[in-house]
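Written below as structure tokens is the structure these notes are about.
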Amino acid sequence: MTSQPVPITQAVIPQALRLPYFPAMTTLDPPGAYDGGLPIRAVEDDLLCILRAWLTMAVGDRVDLFFGNATTPIVSRTLTQASEVDKDVLLTIPKAQVPEGVIEPVFYRVTRKNQSPEDSTPALKLLAKFTRPGDYDKEPDIPGHSELKYSLDITDVDPTLPAKGVTMRIAPYPHIAENDRIIGRWGSEQIEQVVTQQQATNPGAHPLDVVFSRALIEKAGDGPGVHVGFQPVDWVRNFSDPRAPWSAMTRVPVDLGGNRLPAPLVLVNGLPVNVVDLKDLAGSDVIVRVYTTAPDFAVGDQVRLTWVGIPTEGSQIIVEPPIQNVTFVPFQLDYIIPNAAVAAIAKGSASVGYVRVRAGESDRASKNAGVTVEGDISRLAAPIVLEAPGGNLPPDTPWANVEIRSYAGRKPSDLLTLYWLSLDPNNPVFFQDERTVGNIPEGQPVLRSVSNADIRRFDGLRVKVYYVVNDGDTGVVSVRESEAFIMQVGQAGAQFEKPKVDGEANGMLDPDVVAPSGAVVRAPYLGTLVQDVVNMNWRGSQVGGTTSDSVTLTSATAAKPVVFTVPKEYVTKNIGGRVTVDYNIRRAGVLLGSSYPLDMSVGAEQPEMIVENFDKEQDKEITSGQSITTPVMDIHYVTGGGTLSIGNLPPQHPGYPGQLEKKSLNLYGQANTHQHYRFTPNAPCSKCSFWYLLANDDNIVNYYSGGVLLGTRPFTLQGSPRLIEFSSKNITHFEIITISGDIFFLDNFSFWR
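For the sequence shown, this note's numbering gives the first residue as 8, with consecutive numbering after it.
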């Protein structure tokens, strides 16, 4: 009799798994039954999840992320490279698979060779909200949000005002909900109030009242027209329509003291205004004028002026120009408010007043002047990577120094987080540096340095560099994100031929022809070597329909097509949806290149394709603010210098059959200026594509569903036509943005409906 061998297993080592980290997740106040919230901005792109390195990582470890389903992971990944060991794992959840509402459980599972799986604990419970409190402004040409309505019980404040002050009664607004936070504004002062369940569900019996006490009104000061209004922010920190984040403002005359000096005047282009329009300001500074007339002023007095700016989000931006001396009576004193401080409060308002200082007497304050600021909200300026002046960073750079320009209202306590994020969905790489600003002299930039070890992690990748500022001063935490600096680290990887899937025809995979063992995916690139690693990604549009695989090549498999088998469950889970398949190749740990994607529907007829090639259109030329309408789409030149036209290609380009031929859409942007073009097909589509020629690689295409950003595609500068494709549910329009002005040509726009 022989005994059976006893399997030898490794000792089970607890991995001390930390909780999954979602950079876009917000902290709920009050927390309720949730661990965090996901606002609209969390799914403007795919949702990023970071899993911190566990205790004893090794090649072959598998991680599964569970997101609202305790049995089926939403995304999985296996470590295939030694360079991935002891590093954080980045996973992305397609935005279409992030549901609105309660998401639980949220956890991940690590499975190591010869060990039982281990789950992160405790599982998280998240709340996702993708609506805005108040919804969208239906009357954008009228100041203030059309759906944010209120009334005041007192509209003229004098010394008889009772101690309780003034009550603002807020009418129910679209998407009002428990734990919304109301920011009530009275001049330079703000108060916050949390919406109760009764106020949200039964406003008739439980009206939503915000009370401005007499003490608060006195602190805000007298004025001929103090601005009063409100703004709602929901529980997960969604704000109202960015075009109109506040209600209409009521100008309330306030005269409590009875002895205040006259209010100053706010001047734009030499004229007094109640509304500062950034277009009229045209980059100039605002002037605040104080008239020094007898008997209120005398030679030797000093005047101290304060401008309090209230932005749409975040803490006040206060400007205190140098104190001025009164040297003549009567005369005037002019104070400069920098343009940057004014532009930073676009869609907000400012309260400005002054104090007369006289020797031997108490200081005497003025009434306050109130102004609103109209114009587009500008994001924080993009950072600059000093070692990448042309947008290219050599991977052997010892240190990459990132310069972050000074911004209006900057404080030493601001939490400033610098991010580097790769733009290749097949190779997500992430870097984060979170620190306070510190005691940096006013006007000087913040400098952050990134080491060569971190730079090399991005070798071969296109990288988005940006930062986020959290001032932490207000109950509604302000999180402001900067514009992005896009750069290439090292040489961009090659673009390989798209993969092939057995049974796919004309963009459709019939699940009935797929064998029980699964779908066969072939990576056709033949230039591989021994020890190259080929990674295949199968990304489905349906929950649980995404997987990946990887193989390290040997002498028997190198220089040949690489064949993968995708289990049939990942085919059937995507029936009625779509799948995108691609692959990438790494050599000695460095990205060699990525393939073009294969996009296909599963078990559904190929949607109707509509093409616009302009060949039947008359020649036409437009400039900024004008539009061209064809039978297929509307083209609007939003902003920028130069022209957009339909016409023949230039003579030096004879045409490229099926790509750019005969007539094309010709974009002649003015140098050193931004251009912004919007393309709206006649009906929403599931996929769109076009060919382009000679576009600079700092141009981008943003794709939208209504007001929600679905994704972005970059241009690549080439001497021959290139194709840009994008697939998603309900694409309503897309926009092309040029950074520094460009001349390029577009043709053969295709839309799948």
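Note that beta-carbon positions come from the ideal geometry of N, C-alpha and C, so glycine has one too.
Are residue 689 and residue 645 close, meaning C-beta to C-beta below 8 Å?
Here residue 689 is taken as the residue at index 682 of the sequence shown, counted from 1. Here residue 645 is taken as the residue at index 638 of the sequence shown, counted from 1. For residue 689 and residue 645, no; Cβs fall outside 8 Å.
Do three or more CB pairs link the stretch 577-595 to the stretch 444-451 at distances below 8 Å?
no
Taking only the alpha-carbon atoms, compute the straight-line gap between residue 434 and residue 537 and give it to the nearest angstrom.
What you label residue 434 is simply residue 427 of the sequence shown in a count that begins at 1. What you label residue 537 is simply residue 530 of the sequence shown in a count that begins at 1. Roughly 21 Å separates the two Cα atoms.
Could you pull out every unbroken beta strand (DSSP E) segment of at least 3 residues lying fully inside the stretch 350-407, listed in chain order?
356-364 and 376-381
Assuming the contact rule is C-beta atoms closer than 8 Å, residue 56 and residue 29 should be a hit. Round their C-beta distance to whole Å, please.
Against the sequence shown, residue 56 aligns to sequence position 49. Against the sequence shown, residue 29 aligns to sequence position 22. About 6 Å separates the two Cβ atoms, so the contact holds.
Note down, in chain order, each residue of its chain lying with its Cβ closer than 7 Å to the Cβ of residue 523, except the 5 sequence neighbours on either side.
Taking the first residue of the sequence shown as 1, we reach residue 523 at position 516. Taken in chain order, the residues that qualify are 575.
If you drop the 5 nearest sequence neighbours on each side, which residues of the same chain put their C-beta closer than 6 Å to that of residue 742?
The residue you call residue 742 lines up with position 735 of the sequence shown. The answer, listed in chain order, is 685 and 709.
Can you grab the Cα-Cα spacing for the pair residue 17 / residue 124, in whole Å?
Residue numbering aside, residue 17 sits at position 10 when the sequence shown is read from its first letter. Residue numbering aside, residue 124 sits at position 117 when the sequence shown is read from its first letter. Unreliable positioning characterises residue 17 in this predicted model, as indicated by a pLDDT of 40, which lies under 50. The coordinate reading is nonetheless provided below. For residue 17 and residue 124, the distance between alpha carbons rounds to 13 Å.
Just reading off the alpha helix (DSSP H) that residue 418 is part of, what are its end residues?
As a working mapping, residue 418 is identified with position 411 in the sequence shown. Note, residue 418: premise wrong, no alpha helix (DSSP H); not H, not E.
Using DSSP with H/G/I as helix, E/B as strand and the rest coil, what is residue 305?
Within the sequence shown, the letter at position 298 stands for residue 305. Note: residue 305 maps to coil in three-state DSSP.
Can you check whether the CB of residue 164 is closer than 8 Å to the CB of residue 261?
By 1-based counting over the sequence shown, the position of residue 261 is 254. By 1-based counting over the sequence shown, the position of residue 164 is 157. Yes, Cβ-Cβ distance for residue 261 and residue 164 is below 8 Å.
Where the alpha helix (DSSP H) through residue 1 begins and ends:
Residue 1 falls outside the range modelled here, since the chain spans only 8 to 760, and no answer is possible.
When we look at the beta-carbon of residue 619 and count the other beta-carbons within 10 Å, is it buried (16 or more) or exposed?
The count along the sequence shown starts at 1 and reaches residue 619 at position 612. Its Cβ being crowded by 16 or more others within 10 Å, residue 619 is buried.
Touching or not, the stretch 173-181 and the stretch 281-298, by the rule of three or more beta carbon pairs under 8 Å?
no
Would you call residue 621 buried or exposed, if buried means 16 or more other Cβ atoms sit within 10 Å of its Cβ?
Taking the first residue of the sequence shown as 1, we reach residue 621 at position 614. Buried, because 16 or more other Cβ atoms sit within 10 Å of the Cβ of residue 621.
For my contact list, residue 244 and residue 424 are in at a C-beta cut-off of 8 Å; report their separation, rounded to the angstrom.
Within the sequence shown, numbered from 1, the residue matching residue 244 stands at position 237. Within the sequence shown, numbered from 1, the residue matching residue 424 stands at position 417. Actually they are not in contact, since the Cβ atoms of residue 244 and residue 424 sit about 16 Å apart, beyond 8 Å.
Leaving out five residues before and five after residue 26 in sequence, what residues of the same chain have Cβ atoms less than 7 Å from its Cβ?
Numbered from 1 along the sequence shown, position 19 holds the residue referred to as residue 26. So the qualifying residues of the chain are 127 and 131.
Ignore the nearest five residues each way along the sequence and tell me which others in residue 571's own chain have a CB closer than 6 Å to its CB.
Counting from 1 along the sequence shown, the entry for residue 571 is found at position 564. The answer, listed in chain order, is 528, 543 and 556.
If I measure Cβ to Cβ from residue 220 and keep anything under 8 Å in the same chain, skipping five residues before and after, which residues do I get?
The residue you call residue 220 lines up with position 213 of the sequence shown. So the qualifying residues of the chain are 170, 171 and 172.
Relative to the alpha-carbon of residue 514, which residue among 609, 63, 86 and 429 has its alpha-carbon at the smallest distance?
By one-based count along the sequence shown, residue 514 stands at place 507. It is 609 whose Cα lies nearest to the Cα of residue 514.
Hey, out of 363, 672 and 276, whose CA is closest to residue 340's CA?
Here residue 340 refers to the residue found at position 333 when the sequence shown is read from its first residue. With distances taken between Cα atoms, residue 340 lies closest to 363.
Run through the stretch 82-118 for me and flag every whole beta strand (DSSP E) of 3 or more residues, listed as ranges in chain order.
82-85, 96-100 and 108-118
If you count every other CB in all the chains shown that lies within 10 Å of the CB of residue 533, and 16 or more means buried, which is it?
On the sequence shown, position 526 is the one that residue 533 refers to. The residue in question, residue 533, is exposed, as its Cβ has fewer than 16 Cβ neighbours within 10 Å.
Assuming contact is defined by CB atoms lying nearer than 8 Å, are residue 192 and residue 320 in contact in what I supplied?
The residue you call residue 192 lines up with position 185 of the sequence shown. The residue you call residue 320 lines up with position 313 of the sequence shown. No, they are not a contact pair.
Would you check if the stretch 226-243 and the stretch 353-369 touch, i.e. whether three or more CB-CB distances between them fall below 8 Å?
yes
Which term fits residue 254, buried or exposed, when burial requires 16 or more other beta carbons within 10 angstroms of its beta carbon?
Here residue 254 corresponds to residue number 247 of the sequence shown, with the count starting at 1. Under this definition residue 254 is a buried residue.
Are the stretch 332-350 and the stretch 490-508 touching, with three or more C-beta to C-beta distances below 8 Å?
no
In the DSSP output, which residue or residues are listed as bridge partners for residue 767?
Outside the shown range of the chain (8 to 760) lies residue 767, about which nothing can therefore be said.
Could you spell out the range, first to last residue, of the beta strand (DSSP E) harbouring residue 163?
Numbered from 1 along the sequence shown, position 156 holds the residue referred to as residue 163. Unbroken run through residue 163: none, as it is neither H nor E.
With distances taken from CA atoms, which of 94, 35, 48 and 31 is nearest residue 59?
For the purposes of this step, residue 59 is taken as the residue at position 52 of the sequence shown. Nearest C-alpha to residue 59: 94.
Between the stretch 461-476 and the stretch 375-383, do at least 3 Cβ pairs fall closer than 8 Å?
no
Can a CB atom of chain B be found closer than 8 Å to the CB of residue 62?
Considering every chain present, this structure includes no chain B. It has just one protein chain.
If distances are taken between C-alpha atoms only, which option among 664, 647 and 641 comes closest to residue 653?
As a first step, residue 653 must be located in the sequence shown, where it is residue number 646. Per the Cα distances, 641.
Could you pull the DSSP bridge partners for residue 341 from this structure?
The sequence position of residue 341 within the sequence shown is 334, counting from 1. Residue 341 pairs with 296.
Residue closest to residue 720, alpha-carbon to alpha-carbon, out of 493, 62 and 498:
Here residue 720 refers to the residue found at position 713 when the sequence shown is read from its first residue. Comparing Cα-Cα distances from residue 720 to each of 493, 62 and 498, the minimum goes to 493.
Sequence-distant residues of its chain with Cβ nearer than 8 Å to residue 81 (five each side left out):
For this step, residue 81 is matched to residue 74 along the sequence shown. If we look at residue 81 and ignore the five residues flanking it on each side, its Cβ neighbours are 72, 73, 74, 75, 100, 104, 550, 551 and 553.
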